[in-house]
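Sequential numbering of the sequence shown, starting at 24, is according to the working numbering. To start, the structure under review is shown below, and the notes come after it.
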Amino acid sequence: MTPLDTLRRPLRDLRISVTDRCNFRCGYCMPKEVFGRGYDFLPREAILSFEEIARLAAIFVQLGVEKVRLTGGEPLLRRNLDRLVAQLAALEGLRDLTLTTNGSRLCEEAAPLRAAGLRRLTVSVDSLDEATFRAMNDVDFPLHRVLTGLDAARAAGFRPIKINMVVQRGVNDGEVVALARRFSGADFILRFIEFMDVGNTNGWRLAAVVPAAEILARLEREFSLEPLPAQYRGEVARRYRQRDGGGEIGFITSVTAPFCGDCTRARLSAEGRLYTCLFAGTGCDLRTPLRAGASDAEFAEIIRAVWSARTDRYSELRTAATAGAPRKVEMAHIGG
Ligand code: SAM
Numbered sequence: 024m025t026p027l028d029t030l031r032r033p034l035r036d037l038r039i040s041v042t043d044r045c046n047f048r049c050g051y052c053m054p055k056e057v058f059g060r061g062y063d064f065l066p067r068e069a070i071l072s073f074e075e076i077a078r079l080a081a082i083f084v085q086l087g088v089e090k091v092r093l094t095g096g097e098p099l100l101r102r103n104l105d106r107l108v109a110q111l112a113a114l115e116g117l118r119d120l121t122l123t124t125n126g127s128r129l130c131e132e133a134a135p136l137r138a139a140g141l142r143r144l145t146v147s148v149d150s151l152d153e154a155t156f157r158a159m160n161d162v163d164f165p166l167h168r169v170l171t172g173l174d175a176a177r178a179a180g181f182r183p184i185k186i187n188m189v190v191q192r193g194v195n196d197g198e199v200v201a202l203a204r205r206f207s208g209a210d211f212i213l214r215f216i217e218f219m220d221v222g223n224t225n226g227w228r229l230a231a232v233v234p235a236a237e238i239l240a241r242l243e244r245e246f247s248l249e250p251l252p253a254q255y256r257g258e259v260a261r262r263y264r265q266r267d268g269g270g271e272i273g274f275i276t277s278v279t280a281p282f283c284g285d286c287t288r289a290r291l292s293a294e295g296r297l298y299t300c301l302f303a304g305t306g307c308d309l310r311t312p313l314r315a316g317a318s319d320a321e322f323a324e325i326i327r328a329v330w331s332a333r334t335d336r337y338s339e340l341r342t343a344a345t346a347g348a349p350r351k352v353e354m355a356h357i358g359g
């Protein structure tokens, strides 16, 4: 039986962070000033092995999880990730297996991931302007390598590919129409994400958030859009279709129209902590019982207990003044 939390939300999705490291230093996620040289990333032995991840994932699936997303940090920094994908793809009952990446290593990794059983892919692309792209990733990573990676992913059979754009006022908001043009058509699904106050270090200000309604208004000046119905409970994107067949566009309105009431997501951090909210401060340690030899039944009990006690609905309670709020876990750590 799938556990329900105190707000009667079932456990359906699991996001697994396979590493807390990333090769980008996007200011909204892993700003250089904090995640610079000297930052203490998790040592190798602290991170769950593929076997440990696959074992926990299997227990989550038995408890009702239908969808797993691999993320990080940058998941493609984890060597031989296709081996983990193959283990997860073999899980009976898992209906959807996907991965979110910054696209920097897709040229090399798209084909092996596909061959291992990955069916869907989300790639973060915040700008199509070379200078802005390089400035946003803050490691001078060239845009063309991500675009070539997207070509490699299409050639490997990923279709449609989801594109995530985090929109920040004064940084890349001038590009929403350009992205909608570039990523239209059946090969892509574009998601505009409102800039969120994840972690404690990204200098979030409400003024930098471009509300989805504003983005939609800008797009409607250029395209004829019609709303699409939600496909399932817990779907976070508000979806639209370009009437001329140009493709799907969606909005993740976590700031202006939070969707906590429908959140069915659990998160497993790279070192094996279970979080029930992206904005959580603490997680439940699964690694210690894992390495102490706990049985599947014992894990099922732990996970059930955590989920059943869940009360969080951070985004619905958020105010503009988050500065005084308790410390939250960083997104790269917990997995976006
Ligand atoms: N490294 C991978 C990537 O770049 O897609 C996966 C991890 S990343 C944390 C997952 C997603 O979270 C990305 O699409 C990223 O843009 C988004 N993200 C990170 N920080 C965010 C923030 N403050 N607000 C909104 N989205 C954010």
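All C-beta atoms in this analysis are idealised placements derived from N, C-alpha and C, irrespective of residue type, glycine included. All figures in this text were calculated on a predicted structure; none of them were measured in a lab.
About 5 Å separates the beta carbon of Phe-215 from that of Phe-274, a gap short enough to meet the 8 Å contact definition.
Per DSSP, Phe-302 lies in no alpha helix (DSSP H) and is assigned neither H nor E. Spanning the alpha carbons of Glu-353 and Thr-224 requires a straight line of approximately 8 Å. Below 8 Å, enough C-beta pairs join the segment 164-182 and the segment 122-138 to call them touching: three or more.
Secondary-structure assignment with DSSP links Tyr-263 through a beta bridge to Pro-250 and Ile-272. Taken atom to atom, the span from the alpha-carbon of Cys-45 to that of Val-148 is near 15 Å.
In this structure, Thr-123 has its CB closer than 8 Å to one or more heavy atoms of the ligand SAM. Just measuring C-alpha positions, the residue of Met-219, Ala-236, Glu-245 and Ala-231 sitting nearest Ser-207 is Glu-245. Judged by DSSP in its simplified three-state form, Thr-171 adopts helix. A contact is defined here as three or more CB-CB pairs under 8 Å, and the segment 116-129 meets this definition with respect to the segment 83-95.
If only complete runs of 4 or more residues are kept, the segment 99-163 shows the alpha helix (DSSP H) at 104-112, 129-139 and 153-160, in order along the chain. Annotation for Ile-184: the continuous beta strand (DSSP E) segment containing it runs 184-190.
The shortest CA-to-CA distance from Leu-111 to any of Leu-309, Ala-138 and Val-221 is the one to Ala-138. In the three-state reduction of the DSSP assignment, Glu-245 falls in the coil class, being assigned neither a helical nor a strand state. Distances from the CA of Tyr-51 to each of Asn-195, Ala-323 and Phe-282 were compared; the closest alpha carbon is that of Asn-195. By the C-beta density criterion, Gln-254 is exposed, having fewer than 16 other C-beta atoms within 10 angstroms.
In the three-state DSSP reduction, Leu-27 falls in the strand class (E or B).
Set against 8 Å, the gap from the CB of Gly-295 to the closest heavy atom of the ligand SAM is not smaller. Bridge partners of Ser-40 according to DSSP: Thr-94. The alpha-carbon separation between Arg-264 and Leu-239 amounts to approximately 12 Å. If the five residues before and after Arg-128 are omitted, its C-beta is found closer than 6 Å to the C-beta atoms of Leu-99, all from its own chain and listed in chain order.
Look at Pro-66 here: in three-state DSSP terms it is coil, with no helix or strand label.
Rounded to whole angstroms, Leu-213 and Gly-269 show a C-alpha spacing of 11 Å. In terms of side-chain proximity, the C-beta atom of Cys-130 is found no nearer than 8 Å to any non-hydrogen atom of the ligand SAM. Under DSSP, Arg-214 takes part in a beta bridge, and its partners are Asn-187 and Gly-273.
Boundaries of the beta strand (DSSP E) harbouring Leu-297: 296-298, taken from the DSSP string. Going by beta carbons, Val-278 and Glu-217 fall inside the 9 Å limit. In the structure shown, Pro-165 falls within a coil segment according to DSSP collapsed to helix, strand and coil.
Annotation for Arg-205: the continuous alpha helix (DSSP H) segment containing it runs 199-205. Shown here, Leu-291 sits in a strand according to DSSP, grouped into three states. Taken through DSSP and simplified to helix, strand or coil, Pro-54 comes out as coil. DSSP places Phe-83 in the uninterrupted alpha helix (DSSP H) bounded by 73-85. Going by DSSP, Glu-324 is part of the alpha helix (DSSP H) stretching over 319-331. Approximately 7 Å separates the beta-carbon atoms of Leu-151 and Leu-166; this is inside 8 Å, confirming the contact.
Asn-187 has its CB nearer than 8 Å to a heavy atom of the ligand SAM.
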